[in-house]
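Asks: Under full-length UniProt numbering, the residue at position 73 of the sequence shown is numbered 73, and the numbers go up by one with no gaps. There's a structure below that I have some questions on.
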Amino acid sequence: GSLPPGANMISVGVGTRTDEIVLRRRQKQIDYGKNTVGYQLFCQQVPKAARQPGVHPQTPNKYKKYSRRSWDMQIKLWRRALHAWDPPSRYPAGGSHPSGLARSGFVHPLPPAPRPFLSLLRSQIRNEAAAGDQEVTTLCFTC
1 GSLPPGANMI SVGVGTRTDE IVLRRRQKQI DYGKNTVGYQ LFCQQVPKAA
51 RQPGVHPQTP NKYKKYSRRS WDMQIKLWRR ALHAWDPPSR YPAGGSHPSG
101 LARSGFVHPL PPAPRPFLSL LRSQIRNEAA AGDQEVTTLC FTC
């Protein structure tokens, strides 16, 4: 069939993965991401029921069949999206308090709103397409 106007193709997995070595490696990558302060804060601030696909980062499905390149990019984008929930640094612009101690009552501004996950994914796909990446399977979304 033909694609609707304004639709793009992106690389996605088809089928399921059962290779134990691959599943263990993928789980290790997922565990590494879940063992971050940003992930813990994300879980506290965004209840599971309130998470929206394309807006909030979603843990990649380790059982789906993806190429190694596609899986690694999904992990990279997921980890990058989680950084939006990292706590702010203690002192702005790498400066430190002259006393060497934290000032009481120091208030940090809220971190910037997280860039929607789907937006990050679209940017990466466009960059790969511009670089001539030929690995494409079918998934259609409207930009």
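Ideal Cβ positions, reconstructed from N, Cα and C, are used throughout, including at glycine. Predicted model only: the values in this text are computed from it and were never measured.
Express the C-alpha separation of residue 38 and residue 72 in angstroms, rounding to a whole number.
Replies: The alpha-carbon atoms of residue 72 and residue 38 are separated by roughly 19 angstroms.
Asks: Where DSSP assigns a beta bridge to residue 53, which residues make up the other side?
Replies: Answer is 56, bridged to residue 53.
Asks: When DSSP builds the beta bridges, which residues end up paired with residue 16?
Replies: In the DSSP output, where bridge partners are listed per residue, residue 16 has 64.
Asks: Is the segment 74 to 91 touching the segment 47 to 62, taking contact as three or more C-beta pairs under 8 angstroms?
Replies: Yes, since at least three Cβ pairs between the segment 74 to 91 and the segment 47 to 62 fall closer than 8 angstroms, the two stretches touch.
Asks: Going along the chain, which residues of its own chain have a beta-carbon closer than 8 angstroms to the beta-carbon of residue 35, five neighbours each way excluded?
Replies: Excluding positions up to five away in sequence, the list is empty.
Asks: So the alpha helix (DSSP H) residue 37 belongs to, where does it begin and stop?
Replies: It spans 37 to 45 - the alpha helix (DSSP H) in which residue 37 sits, taken as one unbroken run.
Asks: Is it right to say residue 69 is buried, meaning 16 or more other beta carbons lie within 10 angstroms of its own, or is it exposed?
Replies: Residue 69 comes out exposed.
Asks: Hey, residue 124 and residue 85: beta-carbon distance below 9 angstroms or not?
Replies: Cβ atoms of residue 124 and residue 85: not closer than 9 angstroms.
Asks: To the nearest angstrom, how far is the alpha carbon of residue 52 from that of residue 42?
Replies: About 13 angstroms.
Asks: Determine the DSSP secondary structure at residue 123, reduced to helix, strand or coil.
Replies: Note: residue 123 maps to helix in three-state DSSP.
Asks: Note down the Cα distance separating residue 48 from residue 127, rounded to an integer number of angstroms.
Replies: Their Cα atoms are separated by approximately 31 angstroms.
Asks: What residue from 83, 130, 67, 33 has the CA that sits closest to residue 22's CA?
Replies: Nearest of 83, 130, 67, 33 to residue 22, Cα basis: 67.
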